[in-house]
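Read through the structure below, which is laid out as structure tokens, and then see the notes.
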Amino acid sequence: MLTQDGGCPKSILAIKDAIETMDGRWKLPILISLSAGTKRFKEIAKDVSGISDKMLSKELKELELNKLITREVSELSVVEYSITEHGKSLEKVMKELYDWGLEHRRQIIGK
1 MLTQDGGCPK
11 SILAIKDAIE
21 TMDGRWKLPI
31 LISLSAGTKR
41 FKEIAKDVSG
51 ISDKMLSKEL
61 KELELNKLIT
71 REVSELSVVE
81 YSITEHGKSL
91 EKVMKELYDW
101 GLEHRRQIIG
111 K
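The opening position of the sequence shown corresponds to residue 1 in full-length UniProt numbering, with each subsequent residue numbered one higher.
What follows is the structure, given as structure tokens:
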């Protein structure tokens, strides 16, 4: 199998990139929050229970860098976040993860 820099087989580089983009505990919950519509920082914080403001700020910046969300500042200096079309393309993946997670829970803990 052909390899890229770092010894990763070419066939798994895309998976590695996807996992690194979504790495961490908070990115999926933030995207789920924003999938319901445009929100302000505090609205996202309320939806994503347990996240600190510092961590939310960090994760929002990373999601924006990866073009999964946009940050818009209005003339009144109101900041709002929205999921992008690229971010919405993860909905199928999130649904599959949800289904897999339910089955995994049944297999591991019987619930």
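Each residue gets a CB set at the ideal place from its N, CA and C atoms; glycine is no exception.
Source: prediction; values computed, not measured.
If you measure between the beta carbons of S82 and T21, is that distance less than 7 angstroms? Translated into the one-based positions of the sequence shown, residue 82 becomes position 82. Translated into the one-based positions of the sequence shown, residue 21 becomes position 21. Not a contact, by the Cβ cut-off of 7 angstroms.
T84 in three-state terms, based on DSSP: The count along the sequence shown starts at 1 and reaches residue 84 at position 84. Looking at T84 - three-state DSSP - the assignment turns out to be coil, as it is neither helix nor strand.
Starting from T21, trace the alpha helix (DSSP H) both ways and give me its first and last residue. Here residue 21 refers to the residue found at position 21 when the sequence shown is read from its first residue. It spans 10-21 - the alpha helix (DSSP H) in which T21 sits, taken as one unbroken run.
Evaluate contact between the stretch 65-75 and the stretch 45-54, counting only Cβ atoms and requiring at least three cross-stretch pairs below 8 angstroms. no
Tell me, which residues are paired with I69 by DSSP? For the purposes of this step, residue 69 is identified with residue 69 of the sequence shown, where counting begins at 1. Note: I69 sits in a beta bridge opposite I83.
For L2, collect the residues of the same chain with a Cβ closer than 6 angstroms to its Cβ; drop the 5 residues on either side in sequence, then sort them by chain order. Locating residue 2 in the sequence shown gives position 2, where the first residue counts as 1. Note on L2: pLDDT 49, under 50, position unreliable in the model; the coordinate value appears next. For L2, where only same-chain residues beyond five positions count, the Cβ hits under 6 angstroms are K10.
How about the stretch 92-104 and the stretch 71-81: do they share at least three Cβ pairs that are nearer than 8 angstroms? no
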